[in-house]
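Quick mapping for you: the protein sequence lines, in order, are chains A and B. The C-terminal residue of the first sequence carries number 965 in this note's numbering, and the numbering is unbroken. The C-terminal residue of the second sequence carries number 500 in this note's numbering, and the numbering is unbroken. Cβ coordinates follow ideal geometry from the N, Cα and C atoms, glycine included.
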Amino acid sequence: MKYVDEYRSADAALAIAAELRTLVEPGDHLKLMEVCGGHTHAIYRHGLDVLLPDEVELVHGPGCPVCVIPLGRVDDAISLAERPEVTFTSFGDMLRVPGGRNRSLLEAKARGADVRIVYSPLDALKIAVAEPDREVVFFGVGFETTAPATALTLVRARERGIHNFSVFCNHVLIGPALRAILDSPDVQLDGFVGPGHVSTVIGTRPYEFVCSEYGLPLVVAGFEPTDILQAVAMLLRQLHDGRAEVENAYGRVVRRLGNPRALAALETAFAVREDFEWRGLGAIPRSGLRIADAFADLDAEQRFTVPGARIEDPKACRCGDVLRGRAKPYECGVFGTACTPERPLGTCMVSSEGACAAYYAYGRHRT
Amino acid sequence: MRCVLRLRAAPHVSGVVTLADGAGGKASRRLVEELFLDELRNPLLEPLGDAAIVGMNGARFAFTTDSYVVRPLRFPGGDIGELAVNGTVNDLSVAGAVPLALSAGFVLEEGFPLDELRALTASMARAARDAGVSVAAGDTKVVERGAADGLYVTTAGIGLLDLRAVLGLQRVRPGDRVLVSGGIAEHGIAVMLARGNLALEIDVMSDTAPLHELTASLCAFGPSLRWMRDPTRGGVATTLNELATGAGMSVVLTENAIPVRDDVRAACELLGIDPLYVANEGKLVAVVAPDSADAALAALRAHPLGAGAADVGEIRAADVPLVLVETPFGGSRIVDMLVGDPLPRIC
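Structure representation (structure tokens):
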């Protein structure tokens, strides 16, 4: 399969792995954060961890959109879904995420709420057109990766004069999340494997503060085995040379300035919230998007009342430490016992891109 | 291998049936074990195989049933009528039985077009002829509009055990080889694409087909054939997990050896789905003794339905039975049972 097989070549991967070993010195302990859940997933799916030198430790970051949604927002979503007039539409991953009362959208659906899985916000808009008597709400979740599609859907709803459609907006921004992690006490990192899909939209420029203000290298990477290994090699070379730069190992799709049309759509349809609460990380200033004033009538939070309660993360769950790279999933006391993919306690266990789900699924209970 | 510790999962606490309970993975398994088996427990049901084995006057029969709720009713490569025959024929076949007769129960929704019903029944008749079985008994119920999604079909089947074969998880040995009869994940992907809400332009045909001739060719290997299954809902991953748990041994797959057609692989990549978890309706997984593996593979490949058969891995002794995939990069990963995502109705 073109564009996949060449990046999954075992020979190429082994060649990079050999190079990695020449770039570390015995006694080094280099801690690199793979920001994106897709990277975590790919590393364990392909068993790439065995190819890394012992001196390199990969820790996973906050880049799993499902994982960072706090309990209170899930409850808000459930309360919207339970309104009799509402058809609540969502990406499939969000359905199993438990809210504050340990109930999920999937259970709300089983109890009678009209919850439907869609693969795109445009599909939600189609439902609104086909069923004009229903109030169709789309659960907008994700980083700048998925936000442009939500933005374009809002624009299209406006153009077509569709009034029975609204968005419950939980879109978040990757830059402020990285800054929050870098500002956390006791987080010691040597560099970042930068997110791939987000960067197709925002480009590489928004990461430049990581180098200029924090003195750390960041290499944007794709999701195939050789992509990830190549990015690790570029990071090690930078560390070896004493450089701290943003480099792009995903040049086949990522440009420095990103995708201007997608960025323009974000600008049109969204405004930055003063702060937004992240699961496990707490409130981060200017890290979330809300619907722009010009589209306020399509904002589910304004059209309906939601409880808006702030609910503490479960005490037993260490999602916050996992998302900051402070703990490995198996160091959490409930990992694999009270918290499993079937009955997740923390969001990191829900999405297949969540670090805990990846560790559980691929058996990395101990390393 | 690094790791490995598998801890006991949390109990089923949900008070209502969710779609995950029907997805063929862990949640389904739990529903069956903790509710149905708990209430209905008896020695015939207890093995929870594809078919129960019933002895009568010296003869041994396989007996099974399955319901079909696939949507859409027609999909590239098949329809619900054909599926309802092949699925039950296959459950009998992989139990090592020659299918004899089926029953068919129809739940029809008020307003369902009779032309459509006739066409689907004709398709059933064709499939039954191809599999050499009769639909010997039937039942019809009609429910109010809205109480069923057009048409549901339940088939049951009975077959005579092939005495050459002695199948059972307890007969699986370390070193045995694991064979798959062809490209996996075709049915599940075909149905998902046929629903039209993914907007992917890939033509994937369902693999729905009767497996009785393939299984008969494997039964000829007598005691060297250890065990067979048709990996439907939950895919090859779920079937192999049942094998590992039941046999108390690990199944170690070679990732590059697992047959997946290019178009199916492309669809899986785009959808972010592991083909190991996607349903098949015309494939089997067989465990055979190592010295018969090549001959069994040749026997499968000699039949058109087994042309893409492959030796995908082996059975290994293990303290903690797991399904592992060895990647081309020298690593390995655990392939757990499907957790039970709310996947579309595929069978």
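What are the start and end residues of each continuous alpha helix (DSSP H) run of 4 or more residues lying completely inside the segment 657-718 of chain A, in chain order? When DSSP assignments are scanned along the segment 657-718 of chain A, the uninterrupted stretches of alpha helix (DSSP H) that are 4 or more residues long and fall wholly within it turn out to be 669-679 and 703-708.
Which class does B/SER334 belong to by DSSP, given the choice of helix, strand or coil? Annotated three-state conformation of B/SER334 is coil, per DSSP.
Specify the secondary structure class of A/MET947 as computed by DSSP and reduced to three states. Reduced to three states, the DSSP call for A/MET947 is helix.
Beta carbon of B/ALA250, beta carbon of B/LEU314: below 8 angstroms? Yes, the Cβ-Cβ distance between B/ALA250 and B/LEU314 is below 8 angstroms.
Give a yes or no on whether 8 angstroms exceeds the smallest Cβ distance from A/TYR605 to chain B. Proximity of A/TYR605 to chain B, defined by a Cβ-Cβ separation below 8 angstroms, is not satisfied.
Should B/ASN210 be labelled buried (16 or more other beta-carbon atoms within 10 Å of its own) or exposed? Exposed.
Look up B/SER377 in the DSSP assignment and say whether it is helix, strand or coil. Under the three-state reduction of DSSP, B/SER377 is assigned to helix.
Does any CB atom of chain B fall closer than 8 angstroms to the CB of A/GLY794? It does not: the Cβ of A/GLY794 has no partner Cβ on chain B nearer than 8 angstroms.
Within 8 angstroms, strictly: CB atoms of A/GLU742 and A/LEU771: For A/GLU742 and A/LEU771, yes; Cβs fall inside 8 angstroms.
Looking at the secondary structure, which residues open and close the beta strand (DSSP E) in which B/SER181 lies? Per DSSP, B/SER181 lies in no beta strand (DSSP E); the unbroken alpha helix (DSSP H) holding it starts and ends at 179-184.
Just to confirm my understanding: we take B/PRO229, look at its own chain, exclude 5 residues before and 5 after, and list those with CB closer than 8 angstroms. What are they? The beta carbon of B/PRO229 is closer than 8 angstroms to those of ALA343, LEU346, ALA347, ASP356, VAL357, MET358 and SER359 in its chain, skipping five residues each way along the sequence.
With burial defined as no fewer than 16 other Cβ atoms inside 10 Å of the residue's Cβ, what is the status of A/GLN828: buried or exposed? Per the 10 Å Cβ criterion, buried.
Against A/PRO823, what residues of chain B qualify as contacts under a CB-to-CB distance less than 7 angstroms, listed in chain order? Contact note: A/PRO823 reaches chain B through PHE482, using a C-beta cutoff of 7 angstroms and chain order.
Which residues bound the beta strand (DSSP E) around A/CYS767? Boundaries of the beta strand (DSSP E) harbouring A/CYS767: 763-769, taken from the DSSP string.
Can you tell me whether A/THR965 is buried or exposed, with buried defined as 16 or more other CB within 10 angstroms of its CB? Reliability of the predicted coordinates at A/THR965 is poor, the pLDDT of 35 falling under 50, and no value is obtained from them.
What are the uninterrupted segments assigned as beta strand (DSSP E) that are 3 or more residues long and contained completely in the segment 348-428 of chain B, given in chain order? Segments of the beta strand (DSSP E) lying fully in the segment 348-428 of chain B: 378-382 and 402-407.
A/ARG709 CB to nearest chain B CB: under 8 angstroms? Yes, A/ARG709 lies at the interface with chain B (some Cβ there is under 8 angstroms from its Cβ).
Okay, do the segment 926-936 of chain A and the segment 611-631 of chain A touch, 3+ Cβ pairs below 8 angstroms being the bar? No, the segment 926-936 of chain A is not in contact with the segment 611-631 of chain A.
Helix, strand or coil for B/SER256 per DSSP? B/SER256 falls in the strand class under three-state DSSP.
State the start and end residues of the unbroken alpha helix (DSSP H) segment that holds B/LEU245. From DSSP, the alpha helix (DSSP H) with B/LEU245 extends over 233-247.
Alpha carbon to alpha carbon, how far is B/ARG159 from A/GLY934? The predicted position of B/ARG159 is uncertain, since its pLDDT is 37 and thus under 50; a value taken from the coordinates is nonetheless stated next. Distance between the alpha carbons of B/ARG159 and A/GLY934: 7 angstroms.
At which residue ranges does the segment 829-912 of chain A contain complete beta strand (DSSP E) runs of 3 or more residues, listed in the order of the chain? As far as the segment 829-912 of chain A is concerned, its whole beta strand (DSSP E) runs of at least 3 residues are 844-846, 868-870, 873-876, 880-883 and 887-889.
Any chain A beta carbon closer than 8 angstroms to B/LEU351: Put simply, the CB of B/LEU351 is near chain A, with a gap under 8 angstroms to one of its CB atoms.
Would you mind telling me which residues of chain E sit closer than 7 angstroms to B/SER485, beta carbon to beta carbon, in chain order? The displayed structure is made up of protein chains A and B, and chain E is not among them.
Range covered by the alpha helix (DSSP H) that runs through A/GLU757: First-last of the alpha helix (DSSP H) with A/GLU757: 745-757.
I'd like the span of the beta strand (DSSP E) that includes B/VAL440, first residue to last. Counted as a single uninterrupted DSSP element, the beta strand (DSSP E) harbouring B/VAL440 occupies residues 438-441.
Look at the alpha carbon of A/ASP609 and the alpha carbon of B/THR368, and state the distance between them as a whole number of angstroms. Going from the Cα of A/ASP609 to the Cα of B/THR368 covers about 38 angstroms.
Just to confirm, are A/VAL796 and A/GLU632 a CB contact at a threshold of 8 angstroms? Note that the C-beta distance between A/VAL796 and A/GLU632 is not below 8 angstroms.
Within chain B, partners of A/VAL648 - CB distance below 7 angstroms: Close partners of A/VAL648 in chain B (Cβ separation under 7 angstroms): GLY483 and GLY484.
Is it true that the CB of A/GLU653 sits closer than 8 angstroms to the CB of A/HIS627? Taking 8 angstroms as the cut-off, the Cβ atoms of A/HIS627 and A/GLU653 count as close.
Neighbour list for B/ARG227 in chain A, Cβ cutoff strictly below 7 angstroms: Within 7 angstroms of the CB of B/ARG227, no CB atom of chain A is found; the nearest one sits about 22 angstroms away.
A/TYR960 at chain B interface by Cβ criterion, 8 angstroms: For A/TYR960, the nearest beta carbon of chain B is closer than 8 angstroms to its own beta carbon.
Examine chain B for any beta-carbon lying closer than 8 angstroms to the beta-carbon of A/TYR717, and answer yes or no. By this cut-off, A/TYR717 is an interface position.
Taking the straight line between their C-alpha atoms, what separation do you get for B/VAL166 and B/ASP489? Per-residue confidence for B/VAL166 stands at a pLDDT of 45, beneath the threshold of 50, marking its modelled position as unreliable; no derived number is given.
Distance, A/PRO793 Cα to A/ALA847 Cα: Taking the straight line joining both Cα atoms gives about 11 angstroms.
Check whether the Cβ atoms of A/PHE689 and A/ASP712 lie closer than 8 angstroms to each other. Their beta carbons are not under 8 angstroms apart, which means A/PHE689 does not touch A/ASP712 by this criterion.
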